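Below you'll find the structure, written out as structure tokens, and then a few comments.
Residue numbers (our numbering): 1 to 517.
Put into structure tokens, the structure is as follows:
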């Protein structure tokens with residue numbers, strides 16, 4: 001695989017910073033300098049809207065807005081294509097943005113012109129902010145350096161050598177007067193953005209009361225936050241598990257080693273929350289009937305769940321049964337209220353609802369049969385699925401047989417290069433709900449969800465511990481192709497020093513202007 005990250009140490013002038021940059025970007029995105037360390041997780045806030053535009057044959061070349069017909073603009077773009085003639089396109093632009101009909105799926109053809117308004121089409125300030133945080137000397141300076149950053153949104157945690165900590169959502173989010181998903185009416189004034197959330201009001205805190213800052217793709221704003229963030233967030237299990245591990249009563253001190261263990265932690269709080277509810281339903285409806293073989297299979301699977309401690313390990317049977325069941329259960333929840341063609345799109349987003357419905361069904365979500373019947377049916381589908389995959393011997397249903405790490409190279413779609421470049425190897429611990437996030441594809445394959453990990457010990461001004469699953473080189477012939485993968489799998493790290501005297505020089509390349517030799 002080819003990593004989007006590049007481990008680097010930038011030293012010179014006002015810079016002495018190490019960590020991870022995006023490939024080709026001359027700044028460190030997350031890492032540390034001599035005074036401040038910081039990490040980043042995704043914060044998926046919507047910075048764009050799609051608008052339907054209204055046309056009329058009586059007003060050609062115009063779109064309706066606020067009861068007036070406004071002329072749209074046109075611009076011509078020429079795209080050069082290798083080994084082909086250039087492609088020329090004429091783009092119509094409304095007050096909301098460019099018309100993007102050609103990029104929409106076929107069902108959108110009947111909607112009329114659709115425009116895209118996206119904050120990323122304006123100056124984003126990302127590189128300016130990265131250069132600022134790379135030079136920051138304390139948490140206050142770090143937070144202020146984020147001010148120019150408009151796009152994209154992330155959650156940053158940071159700390160300085162004086163013991164101060166902070167958390168801040170980077171980027172800026174449009175203020176929408178009407179909270180609505182889907183296409184917005186481009187002709188209505190109420191649906192226009194009324195500005196951006198001010199930098200000072202973006203969620204964040206310096207020196208939080210609990211003494212630490214933690215984030216794992218979870219919502220960061222409190223219920224009384226005055227602006228809609230329009231976020232797609234995780235269910236919060238990983239963030240709660242991080243807080244749980246940091247505040248464990250038998251652990252008064254932390255070290256790089258304890259944080260290393262946290263980053264590969266494979267305990268699923270979702271499973272621990274849901275298992276008692278599932279087992280209660282299964283126990284309530286356990287019966288002896290003519291289907292003796294099916295009853296025995298269900299009994300064995302129930303006991304496997306009962307014996308499981310919630311740690312998602314490759315040899316464990318519990319996570320296999322639980323995760324496959326939860327997928328079938330979520331599909332049942334979605335199928336109850338939505339048409340078949342929409343169900344695949346909605347299943348992943350309905351997992352939090354599915355978890356709540358295991359506890360209670362206050363809104364009578366299920367109309368055709370009671371909730372327990374759907375749970376039993378999803379459990380039976382799970383056992384049928386796993387029996388077809390692995391056979392009837394449940395001792396062979398280890399999670400690692402289902403959750404195998406796959407890493408596809410960008411060139412793997414060319415001929416048979418996938419056999420040379422791709423990695424499809426061993427079963428791995430964790431899943432998408434664990435702090436040690438190993439992702440989860442459509443067929444439960446692992447995808448290195450948290451591919452880059454780092455630990456910055458600010459009591460040591462000279463070093464950073466890092467590991468990147470895809471590794472430093474995407475060249476299959478390089479000694480650095482996949483050379484960090486084994487460490488990533490085992491939870492180990494390597495040192496990325498800030499001081500040259502602690503660097504072991506193995507290779508050195510010097511870039512020179514082309515007029516010199």
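The beta carbon of each residue, even a glycine, is placed where N, CA and C say it ideally should be. In this text, all values refer to a predicted model and were calculated from it rather than measured experimentally.
Spatial distance of residue i from residue j (CA atoms)
i	j	result
residue 56	residue 94	15 Å
residue 372	residue 74	58 Å
residue 409	residue 59	50 Å
residue 204	residue 196	16 Å
residue 212	residue 165	6 Å
residue 172	residue 180	19 Å
residue 376	residue 315	25 Å
residue 14	residue 134	9 Å
residue 419	residue 481	15 Å
residue 382	residue 326	9 Å
residue 54	residue 227	29 Å
residue 155	residue 44	9 Å
residue 214	residue 111	43 Å
residue 21	residue 458	20 Å
residue 16	residue 10	6 Å
residue 100	residue 341	23 Å
residue 224	residue 236	18 Å
residue 440	residue 475	26 Å
residue 584	residue 2	This structure leaves residue 584 out entirely; the chain is present only between 1 and 517.
residue 91	residue 190	26 Å
residue 288	residue 297	With a pLDDT of 46 at residue 288, under the threshold of 50, the modelled position of that residue is not reliable, and no figure is offered here.
residue 542	residue 390	Beyond the ends of the chain as shown, which are 1 and 517, falls residue 542; an answer cannot be given.
residue 257	residue 48	41 Å
residue 343	residue 463	48 Å
residue 502	residue 282	59 Å
residue 330	residue 402	19 Å
residue 452	residue 7	10 Å
residue 176	residue 46	11 Å
residue 319	residue 491	20 Å
residue 120	residue 374	44 Å
residue 170	residue 220	12 Å
residue 328	residue 378	5 Å
residue 484	residue 447	15 Å
residue 144	residue 33	16 Å
residue 146	residue 132	7 Å
Sheet register partners of residue i (DSSP bridge)
i	result
residue 305	Answer by DSSP bridge pairing: none, since residue 305 is not bridged.
residue 394	The partner list for residue 394 (beta bridge, DSSP) is empty, contrary to what the question assumes.
residue 185	52
residue 156	40 and 168
residue 20	7 and 30
residue 424	406
residue 118	48
residue 161	BP columns for residue 161 are empty, so no partner.
residue 206	166
residue 94	97
residue 64	69
residue 15	12
residue 231	45
residue 196	174
residue 89	77
residue 267	311
Nearest candidate by alpha-carbon position, reference residue i, set the options
i	options	result
residue 187	249, 97, 487 and 424	97
residue 363	340, 333, 378 and 386	333
residue 309	276, 336 and 298	276
residue 385	22, 365, 444 and 307	444
residue 400	24, 321, 257 and 422	321
residue 130	424, 26 and 254	26
residue 234	141, 78 and 42	42
residue 31	206, 142 and 82	142
residue 352	414, 269 and 378	269
residue 240	398, 259, 217 and 229	217
residue 496	510, 513, 468 and 477	468
residue 489	104, 470, 103 and 499	470
residue 494	152, 199, 260 and 82	260
residue 466	305, 412, 339 and 19	19
residue 394	137, 350, 102 and 302	302
residue 231	153, 247, 271 and 209	153
8 Å contact criterion, which residue i and residue j should meet: CB distance rounded
i	j	result
residue 266	residue 312	5 Å
residue 36	residue 157	Actually they do not touch by this definition, with Cβ atoms about 11 Å apart.
residue 274	residue 355	6 Å
residue 76	residue 86	Not a contact, Cβ separation roughly 11 Å.
The ligand GTP heavy atom lying under 8 Å from the CB of residue i
i	result
residue 146	What this structure holds is no ligand at all, so the ligand GTP is not there to describe.
Which whole runs of the alpha helix (DSSP H) in the segment 239-264 are 4 residues long or more, in chain order? 256-263
Every unbroken alpha helix (DSSP H) inside the segment 430-508 [4 residues or more]: 485-490
Write down every uninterrupted run of the alpha helix (DSSP H) in the segment 297-360 whose length is 4 residues or greater and which is fully enclosed by it, in chain order. 318-335, 343-346 and 351-359
Would you list, in sequence order, the uninterrupted alpha helix (DSSP H) runs of no fewer than 4 residues that lie entirely inside the segment 370-394? 371-390
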